[in-house]
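Structure first, commentary second.
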Amino acid sequence: MDRDSLPRSMQVNAALLSSYVGETIQGNRATVKTSDNAELEIPLSTGINMEMNGLFYEIVGTVSNASTLKPLRCVPLGDNIDMELVNAAIKLMHDERFLTNRDDGGVRDVPDPTFKVRPPTSGLPLRARRSVAAMPRIGAPPTQSYPENRFSTWRKLWLNLAIAEKELGLPITDEAIAQMEANLDLTPEQFDVAAKEEKQRRHDVMAHVHTFGTVAPAAAGIIHLGATSCYVTDNADLIFLRTGLDYLIRSLSVLISRLSAFAAQYRALPTLGFTHFQPAQLTTVGKRATLWIQELLWDLRNIKRARDDLGFRGVKGTTGTQASFLTLFEGDHAKVEALDKLVTKLSGFEYAYPVTSQTYSRKVDIDVLAPLASLGATAHKLATDIRLLANLKEIEEPFESTQIGSSAMAYKRNPMRSERVCSLARHLMVLHQNALMTAGVQWFERTLDDRCNNFTHWQAHLTSFNSANRRITLPEAFLTADIVLSTLQNISEGLVVYPKVIARRIAQELPFMATENIIMGIVKKGGDRQEAHEKIRVLSHEAAHQVKQLGLENDLIERVRADAYFDPVKGELEKLLDPDSFIGRAPEQVDAFLKEWVEPALANEEAQEAIRKSQKVELSV
Numbered sequence: 254m255d256r257d258s259l260p261r262s263m264q265v266n267a268a269l270l271s272s273y274v275g276e277t278i279q280g281n282r283a284t285v286k287t288s289d290n291a292e293l294e295i296p297l298s299t300g301i302n303m304e305m306n307g308l309f310y311e312i313v314g315t316v317s318n319a320s321t322l323k324p325l326r327c328v329p330l331g332d333n334i335d336m337e338l339v340n341a342a343i344k345l346m347h348d349e350r351f352l353t354n355r356d357d358g359g360v361r362d363v364p365d366p367t368f369k370v371r372p373p374t375s376g377l378p379l380r381a382r383r384s385v386a387a388m389p390r391i392g393a394p395p396t397q398s399y400p401e402n403r404f405s406t407w408r409k410l411w412l413n414l415a416i417a418e419k420e421l422g423l424p425i426t427d428e429a430i431a432q433m434e435a436n437l438d439l440t441p442e443q444f445d446v447a448a449k450e451e452k453q454r455r456h457d458v459m460a461h462v463h464t465f466g467t468v469a470p471a472a473a474g475i476i477h478l479g480a481t482s483c484y485v486t487d488n489a490d491l492i493f494l495r496t497g498l499d500y501l502i503r504s505l506s507v508l509i510s511r512l513s514a515f516a517a518q519y520r521a522l523p524t525l526g527f528t529h530f531q532p533a534q535l536t537t538v539g540k541r542a543t544l545w546i547q548e549l550l551w552d553l554r555n556i557k558r559a560r561d562d563l564g565f566r567g568v569k570g571t572t573g574t575q576a577s578f579l580t581l582f583e584g585d586h587a588k589v590e591a592l593d594k595l596v597t598k599l600s601g602f603e604y605a606y607p608v609t610s611q612t613y614s615r616k617v618d619i620d621v622l623a624p625l626a627s628l629g630a631t632a633h634k635l636a637t638d639i640r641l642l643a644n645l646k647e648i649e650e651p652f653e654s655t656q657i658g659s660s661a662m663a664y665k666r667n668p669m670r671s672e673r674v675c676s677l678a679r680h681l682m683v684l685h686q687n688a689l690m691t692a693g694v695q696w697f698e699r700t701l702d703d704r705c706n707n708f709t710h711w712q713a714h715l716t717s718f719n720s721a722n723r724r725i726t727l728p729e730a731f732l733t734a735d736i737v738l739s740t741l742q743n744i745s746e747g748l749v750v751y752p753k754v755i756a757r758r759i760a761q762e763l764p765f766m767a768t769e770n771i772i773m774g775i776v777k778k779g780g781d782r783q784e785a786h787e788k789i790r791v792l793s794h795e796a797a798h799q800v801k802q803l804g805l806e807n808d809l810i811e812r813v814r815a816d817a818y819f820d821p822v823k824g825e826l827e828k829l830l831d832p833d834s835f836i837g838r839a840p841e842q843v844d845a846f847l848k849e850w851v852e853p854a855l856a857n858e859e860a861q862e863a864i865r866k867s868q869k870v871e872l873s874v
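In terms of the working numbering, the sequence shown opens at residue 254 and continues consecutively.
Written as structure tokens, this is what we have:
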């Protein structure tokens, strides 16, 4: 079946779909598969090859003849990418017979038939190229997109409010509660109703109040009773923030577990330490890893604190005074207080903020993003260390057999994963500044002067967060943290250590480090400390000349052996030059750190479950 045989509704929806995903086409044929398993072949023109940003959708609907004009809906396809489907949809976009341009430069509209295209998920560039599957749908079941989860959460909040108001004596029927409980998830048809309501009312919350009432008619008159918009928007935000932090806590626990295994494996492998990136005393590969782990443990602690500190906005009214609820309960202050506590409990929170304005304080966003920014600093330092070690050829991140480091230099093995971590970690660190500034520009009981009036429709639904700046900043912070952690886990699961390269570098520097031991050995044999120091100083400078000026190997020990002054300690030189004698208590420190700090931090049931269920991270690129 060719394109012209498709019902017009399918052409229209496919065209709108492609206007979201960009313009990509490869090959010369494609198949569109519909919900009733009909497969429609569509010829594609050749010679076009453009990039897609990774937003993949499935066209769902019933194929009908062109006269019915039955519109189809588009839903996120997620990670199961049907490129033929996408190519077909994009091809249809180029048929200008079905497209017009809006005067305001916005998303293209199709005048006939009426249609509704579902918005994509949040964090588009991050979601498409970097992120794992779970974080873009914070708190959403696998079958739900972010918008679906957002509005079903609103309905749960309205249900909690109705249950609490009924319990405290308001005339709400059991039938109303039952109908609300039975319709917490939105159907595609309800999304269409909500879209029409919002277009008419110009208010998203009231659009969904009326939409909810159409499927719960017994509750239509009491939905949102006494509440303001921020009852659902802000409380939903707090639910999503808590769920996102829970997700990061699990991911961070797994990463710490992986790096701890690495530290234990290399607890006693000597390696050259660096201060100012200049050779210093020896440490061990495992001990260096504990420095990374310790900072990650602090990040884990800080994220847990932020999670546990999250409160609920509760039921506070338009400016936080609870005036509407006091009226509802005829001046009964005790019932208003009880309502706030009961709704908070029903929503899964231990406490509500004692006072709020129209919104919860945007200082909360600062407190949530601060530990994520700190995690970014930890990740940047960790990944930078690995990049430097890769340059020294001592440790490398995973490198696939078919991976290409450079299009020109075939030998290159670039640490692209660690570079990615550093790049995204910087982004994560600066996002915290947005939260600071957003909190600072809140006037009196609330303002939205950080709002962007020309935000496109799908961007306005990226998340529940109800101002333009927060709508970008908060989800991007969680997505970025997710990608940083998953990439670090991928690195930690495939780190390659080169002991012989490490030993060779130690051998180049150890003679200089051993000079103090040699001097002490001479003194123990009855020699003069100052005389021994001068002898060693002269020989060291001669050896340094060989290394720096002539490019030769360090021959200090050979010079010591050739000097009769050092005859008393020549038999002990091998022992004095043993790298194990220069690592101090590093192995014991690793053992104690893992046992006394890491194991307790990961001993809780949630961390253990996350570790048990964790799988190796496979990066898409």
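Idealized CB from N, CA, C, for every residue including glycine.
Query raised in the report: With 16 as the cutoff for other CB atoms within 10 Å, does E349 come out buried or exposed?
Result: Reliability of the predicted coordinates at E349 is poor, the pLDDT of 35 falling under 50, and the value obtained from them is presented with this limitation in mind. With fewer than 16 other Cβ atoms within 10 Å, it is exposed.
Query raised in the report: In or out: H685 buried (at least 16 other Cβ within 10 Å) or exposed?
Result: buried
Query raised in the report: What does a CB cutoff of less than 8 Å around L421 pick up in its chain, not counting 5 residues either side in sequence?
Result: F582, K588, A591, L592 and L595
Query - Coil, strand or helix - V538 by DSSP - result: helix
Query - Burial state of G567 (16 or more Cβ within 10 Å) - result: Answer is buried; the Cβ neighbour count reaches 16.
Requested in this report: Check the DSSP bridge columns for E649 and list the partner residues they point to.
Outcome: V749
Report task. Please say whether V843 and T543 have beta carbons closer to each other than 8 Å? Result -> yes
Requested in this report: Kindly indicate the opening and closing residues of the beta strand (DSSP E) around G526.
Outcome: From DSSP, the beta strand (DSSP E) with G526 extends over P523 to T528.
Requested in this report: Could you say which of P853, A623 and A796 lies nearest to E811 if we only look at CA atoms?
Outcome: A796
Query raised in the report: From R673, Q547 and V458, pick the residue whose C-alpha is nearest to that of E650; which is it?
Result: R673
Query raised in the report: Do P853 and A521 have their CB atoms nearer than 8 Å?
Result: no
Requested in this report: With H685 as the anchor, note down where its alpha helix (DSSP H) starts and where it stops.
Outcome: Where H685 is concerned, the enclosing alpha helix (DSSP H) stretches over M669 to G693.
Report task. Look up P532 in the DSSP assignment and say whether it is helix, strand or coil. Result -> strand
**Report entry** Segments of 4+ residues assigned as alpha helix (DSSP H) that fall wholly inside the stretch 749-834
**Finding:** 752-766, 768-777, 782-801, 809-815 and 826-829
Query - Status (buried if at least 16 other CB within 10 Å, exposed otherwise) for S676 - result: exposed
Query raised in the report: Which of helix, strand or coil does DSSP assign to A605?
Result: strand
Query raised in the report: Out of curiosity, what's the CA-to-CA distance linking W696 and K616?
Result: 13 Å
Requested in this report: Return the CA-CA distance between A480 and R558, expressed in angstroms with no decimal places.
Outcome: 30 Å
**Report entry** Cβ contact check for the stretch 741-756 and the stretch 495-510: 3 or more pairs under 8 Å
**Finding:** yes
**Report entry** First through last residue of the alpha helix (DSSP H) which encompasses K464
**Finding:** At residue 464 the sequence reads Thr, which differs from the Lys that was named. It spans D457 to V468 - the alpha helix (DSSP H) in which T464 sits, taken as one unbroken run.
Query raised in the report: According to the neighbour-count rule (16 or more other Cβ atoms, all chains shown, within 10 Å of its Cβ), is E450 buried or exposed?
Result: buried
Query raised in the report: Between the stretch 423-439 and the stretch 462-482, do at least 3 Cβ pairs fall closer than 8 Å?
Result: yes
**Report entry** Nearest-angstrom Cβ-Cβ length linking A643 and V737, presumed shorter than 8 Å
**Finding:** Not confirmed; about 18 Å, so no contact.
Report task. Note down, in chain order, each residue of its chain lying with its Cβ closer than 7 Å to the Cβ of Y818, except the 5 sequence neighbours on either side. Result -> K788
Report task. Taking all protein chains shown into account, decide if N857 is buried (16 or more other Cβ within 10 angstroms of its Cβ) or exposed. Result -> exposed
Query raised in the report: What's the C-alpha gap between A863 and Q783?
Result: 60 Å
**Report entry** Per-residue DSSP class, three states only, for F565
**Finding:** strand
Query raised in the report: Can you tell me where the alpha helix (DSSP H) with R495 in it begins and where it stops?
Result: Note, R495: alpha helix (DSSP H), S482 to Q518.
Query raised in the report: Using the rule of at least 16 other Cβ atoms within 10 Å of the residue's Cβ for burial, across every protein chain shown, is A533 buried or exposed?
Result: Answer is exposed; the Cβ neighbour count stays below 16.
Report task. Might you give, ordered along the chain, the residues of its own chain that have their beta carbon closer than 7 Å to the beta carbon of I416, omitting 5 neighbours on each side? Result -> I430 and L599
**Report entry** Pick from T691, T700, E698 and Y751 that is closest to I725, judged by C-alpha positions
**Finding:** T691
Query raised in the report: How big is the Cα-Cα spacing for G584 and K409?
Result: 27 Å
Query raised in the report: What's the gap between the Cα of H529 and the Cα of I619?
Result: 33 Å
Query raised in the report: Which stretch, first to last residue, makes up the alpha helix (DSSP H) that contains L592?
Result: Note, L592: alpha helix (DSSP H), H586 to L599.
Query raised in the report: Comparing the CB of P424 with every heavy atom of the ligand ATP, is any distance shorter than 7 Å?
Result: As presented, the structure is devoid of all ligands, the ligand ATP included, so that no description of it is given.
Query raised in the report: What span of residues does the alpha helix (DSSP H) with R615 cover, start to end?
Result: That residue, R615, is in no alpha helix (DSSP H); it is neither H nor E in DSSP.
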